[in-house]
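The structure under discussion appears below in the form of structure tokens.
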């Protein structure tokens with residue numbers, strides 16, 4: 001993750017925004033003893049969606065069940081799934 005001071009971010013705003021939009025994880029902006037994260041809207045939406053999915057206990061149970069089936073070798077081919 002790219003880290004800059006608040007002063008640097010202020011003086012190089014376009015560069016910092018470009019990095020935040022291109023780098024996964026965004027940019028950490030440090031001011032005194034506080035840190036802030038600048039990320040793209042797309043990345044924020046993905047994080048929010050992931051957090052919402054992780055709160056769905058039914059979905060998490062389904063994922064765990066699928067992992068167990070995979071580890072046991074209980075899998076289907078693409079043809080079996082879509083036929």
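Residue numbers (the working numbering): 1 to 83.
In this text, a Cβ means the ideal position worked out from N, Cα and C, and glycines have one as well.
Note that the structure is a prediction, hence the values are computed from the model and not measured.
Query, Result
"Give me the Cα-Cα distance between residue 27 and residue 54, rounded to the nearest whole angstrom.", "25 Å"
"Ordered along the chain, which non-local residues of its own chain (more than five positions away) have a Cβ less than 6 Å from that of residue 25?", "1"
"Report all residues from its chain with a CB closer than 6 Å to the CB of residue 6; omit the five preceding and five following residues, and keep chain order.", "29 and 31"
"If we ignore side chains and look at the alpha-carbon of each, how far apart do residue 49 and residue 21 end up?", "18 Å"
"Could you name the residues of the same chain whose beta carbon sits closer than 7 Å to that of residue 3, not counting the 5 residues immediately before and after it, in chain order?", "28 and 30"
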